[in-house]
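Inspection log for the structure reproduced underneath, given as structure tokens.
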Amino acid sequence: MIRFSDKHPAVTALYFISVTGIAMFVPHPVILLLSLAGALSYYLIRGEASARFLCFTAGLALLMTLINPLLSHRGETVLFFINLRPFTLEALLYGANAALLAAGVIVRMNSFSKIMTTEKVLCLIGRFSPRLSAVISAAVRSVPLFSSYYRHVSSFRALCRGYDSEPTPYDRAKESMEAFSATVGIALEGSIDAADSMDARGWQNGHRTASSRFVFGQNDAAAMIYIALSASVCIAAAASGLLDFDFYPVIADYGRGLFPLTSLVSYAFLSFYPAVSECVWHIMWKKRKTEKYPDAEALREYNRREAEK
Amino acid sequence: MIPSGYGRLRAFLRFAIPLAFIPAMTLAGALFLDKKRYLLVSLGIAVSALLLFDAAYESRRSSSGSAAAAAVMTALAVTGRLIPVIKPSAAIIILTGIWLGPETGFLTGALTALLSNMIFGQGPWTPFQMLAWGLTGLIAGYLSRPLKKSRIALTAFGLAAGAAYSLLMDVYTVLSSYGEFTPALYYASVLNALPFTLSYMISDALFLFVLSEPLGKKLERLKKRLIE
């Protein structure tokens, strides 16, 4: 059992592209609800949830819901008038639909950014564009390096200034500009060395190889097939117009029958895949641990009691 | 260079993307898809444009110096984006374009968007941001002669670049959140993003005005030493 976030980068990329892609291009309310629910459940199960992020997303969704009926006056069911302009139910629901989409994509992409680290991106593009990968890895390494240069330079300058007088905001701004300029100087001089060393290692000669620590196993292949199958059912239903949904002039759902229902169920399978897989992983982990160390829990309890005494 | 399987693929893409993929996507979008699929077509074109740049960048001979300089400038721009409200990123990208050429400018801009979004959050907006910042660097590179000469032109370019970036991203905002493009929705989203637009314009112009002298001198020196 491999955790969802530890699967091969190709699986991660395919999953996030297909799940958000379908949500973005098939704006059926049920699909968007499933997308948001799946994204939220995985976000919460991963245990890195922040209240601020959730509040921001909810606020954005509320704003989007309310802005649309104020700007768009299409739709048959008029709820009330604002400045002689109709505020319609259809426009409100259309806005809510757009808000669901935005919230789903934002939450999903938050998880994606945490899972898809730089070395995974490099693993994906390394063979196709080795030169770009070299530039990316050099740049990624340099971000913390330059921050530390900047801290060194500015603390040294503060020391030189002494403690005689309190610096004015202008002095502070000037000082940080100078520290920044010095950092740039160090960085660019370093890049000349880096270029020389790249040449010494054969920058222009022959072809570059790429290596990564990720191995594409059977588990990944199975996950790929699962994702591709469940996504293709949805795409087939959407392409044949069975998942069309109109808000204007009146709400109309064209998806009747078994096939649209099947496609919605398969989107649910797709959307909840990481959350379910994470849950199963946790359960298995706990089970294996108790199988291997049956008395671990009892021992911890005993130690706790001893410590309390 | 030994042509490997990937080398052949890159050579194929360099011709196939501009001559076949992009026209085919545009035509298919216009003829077969209804207007709610604008975003699908534009996302496809954005991604293939970036792929085209990548294929070309890998295939042509470029010096190790310009690659190392692009990495350094990207790292500086990414670090700059961490500063709240006034961000020197775009100014750094513009200066890179002016002093190190349009290709390095585009590369720095696109990579800045890609790498800083690792911190700020990736999403379907990443290809558009990469293109917008990449184009900022590219255009600065083509206009390098007048921009090097006068500081006023440079500041004006900064104002224009900040506004253009924001207006371009507003197109994406409208397309992604409402699926359709109407002038009313676009004006609303431009108005909504006005504080951001102003902050981009002001920080671009300010940092270009302040940084052009010291950073330009350093980049000039770098170029001289790398060519030697």
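Residue numbers (numbering that gives the first Met the number 0), protein chains in the order written: chain A, 0 to 308; chain B, 0 to 227. Backbone N, C-alpha and C fix where the C-beta goes; we use that ideal spot for every residue, glycine too.
Buried/exposed call for residue i, threshold 16 Cβ in 10 Å
i	result
M0/B	Because the pLDDT at M0/B is just 43, under 50, the model does not fix this residue reliably, and the value given afterwards should be weighed accordingly. It counts as exposed.
Y310/A	Residue 310/A lies beyond the range of chain A shown here (0 to 308); nothing can be said about it.
N109/A	buried
E89/A	buried
A194/A	buried
W284/A	exposed
A141/A	In the sequence under discussion, the amino acid at residue 141/A is Ser, which differs from the Ala named in the question. Buried, because 16 or more other Cβ atoms sit within 10 Å of the Cβ of S141/A.
Q310/B	Missing from the structure shown is residue 310/B; chain B here goes from 0 to 227 and no further.
K217/B	buried
F14/B	exposed
H7/A	buried
A203/A	Here the sequence assigns Gln to residue 203/A, which means Ala is not the residue at that position. The residue is exposed, with fewer than 16 neighbouring Cβ atoms inside 10 Å.
M72/B	buried
N82/A	exposed
K119/A	buried
K86/B	buried
C233/A	buried
N218/A	exposed
I138/B	buried
D53/B	buried
S176/B	buried
A183/B	exposed
A68/B	buried
Y164/B	buried
E179/B	exposed
Reduced DSSP category for residue i - H, G, I as helix; E, B as strand; rest coil
i	result
F86/A	strand
D198/A	helix
L242/A	coil
L142/B	coil
I1/A	coil
A251/A	strand
L43/A	helix
F79/A	strand
Q330/A	Examination of residue 330/A is not possible in this model, given that chain A is present from 0 through 308 alone.
Q121/B	coil
R130/A	helix
M0/B	Since pLDDT at M0/B reaches only 43, below the 50 mark, its modelled position is unreliable, and no value is offered.
R212/A	coil
L214/B	helix
E179/B	coil
L18/B	helix
G108/B	helix
Q128/B	helix
R140/A	helix
G20/A	helix
R73/A	coil
R150/B	helix
F206/B	helix
P101/B	helix
N204/A	coil
S49/A	coil
K86/B	coil
A10/B	helix
Proximity test, residue i beta-carbon vs the ligand ATP heavy atom, cut-off 7 Å
i	result
I226/A	The model depicted lacks the ligand ATP and carries no ligand whatsoever.
Proximal residues, the segment 147-164 of chain A versus chain B, C-beta separation under 9 Å: So the list reads Y149, given in the order they occur along the chain.
Meets three-Cβ-pair contact criterion under 8 Å: the segment 207-215 of chain B and the segment 150-170 of chain B: As far as the Cβ criterion goes, the segment 207-215 of chain B touches the segment 150-170 of chain B, which means the pair count is three or higher.
4-residue-minimum alpha helix (DSSP H) runs that sit fully inside the segment 41-84 of chain B, ordered along the chain: Segments of the alpha helix (DSSP H) lying fully in the segment 41-84 of chain B: 63-80.
The segment 155-171 of chain B touching the segment 48-64 of chain B, judged by at least three CB pairs closer than 8 Å: Short answer: they don't touch.
Cβ contact check for the segment 104-124 of chain B and the segment 164-177 of chain A: 3 or more pairs under 8 Å: Three or more Cβ pairs closer than 8 Å define a contact, and the segment 104-124 of chain B falls short of that threshold against the segment 164-177 of chain A.
4 or more residues per run - each alpha helix (DSSP H) lying fully within the segment 270-303 of chain A: The qualifying runs are 272-291.
The segment 88-104 of chain A in contact with the segment 257-268 of chain A per 3-pair CB rule at 8 Å: Judged by Cβ distances under 8 Å, the segment 88-104 of chain A makes no contact with the segment 257-268 of chain A, as fewer than three pairs qualify.
Chain A contacts made by the segment 51-64 of chain B, where a contact means CB separation under 7 Å: Result list: D53, Y56, E57, R60, S63, G64.
Whole runs of the alpha helix (DSSP H) within the segment 99-124 of chain A, excluding any shorter than 4 residues: Counting only runs that start and end inside the segment 99-124 of chain A, the alpha helix (DSSP H) elements of at least 4 residues fall at 117-124.
Residues of the segment 172-183 of chain B with Cβ closer than 9 Å to any Cβ of chain A, in chain order: Shown in chain order are the members of the segment 172-183 of chain B whose Cβ falls below 9 Å from a Cβ of chain A: S175, S176, Y177, G178, T181, A183.
Within the segment 153-198 of chain A, ranges of the beta strand (DSSP E) (whole runs, at least 3 residues): If we require 3 residues or more, the segment 153-198 of chain A turns out to have no beta strand (DSSP E) run fully inside it.
Cβ pair count under 8 Å reaching 3, the segment 217-237 of chain A against the segment 44-56 of chain A: No contact exists between the segment 217-237 of chain A and the segment 44-56 of chain A.
At least three beta-carbon pairs within less than 8 Å, the segment 188-207 of chain B to the segment 83-93 of chain B: Contact between the segment 188-207 of chain B and the segment 83-93 of chain B is present, because at least three Cβ pairs lie under 8 Å.
Near-chain A residues of the segment 180-211 of chain B (beta-carbon distance less than 7 Å), N- to C-terminal order: Answer set for the segment 180-211 of chain B: A183, L184, A187, V209.
At least 3 beta-carbon pairs within less than 8 Å: the segment 19-31 of chain A vs the segment 53-64 of chain A: No: fewer than three Cβ pairs fall under 8 Å.
Interface residues of the segment 18-30 of chain A facing chain B [CB-CB below 7 Å]: Cβ contacts with chain B come from T19, M23, F24, P26.
Validate contact between the segment 13-26 of chain A and the segment 228-239 of chain A using beta carbons, cut 8 Å, 3 pairs: Enough Cβ pairs lie closer than 8 Å, so yes.
Members of the segment 69-84 of chain B near chain A, C-beta cut-off 7 Å: Within the segment 69-84 of chain B, the residues whose Cβ lies closer than 7 Å to some Cβ of chain A are A69, A70, V71, T73, A74, L75, V77, T78, listed in chain order.
Inter-stretch contact at 8 Å, needing at least 3 Cβ pairs: the segment 241-249 of chain A / the segment 65-76 of chain A: The segment 241-249 of chain A vs the segment 65-76 of chain A: in contact.
Contact residues within the segment 112-125 of chain A, judged by C-beta distance below 9 Å to chain B: Those would be S112, M115, T116, T117, V120, I124, in chain order.
Chain A contacts from the segment 119-139 of chain B (Cβ-Cβ distance under 7 Å): For the segment 119-139 of chain B, the residues whose beta carbon sits under 7 Å from a beta carbon of chain A are, in order, G120, Q121, G122, P123.
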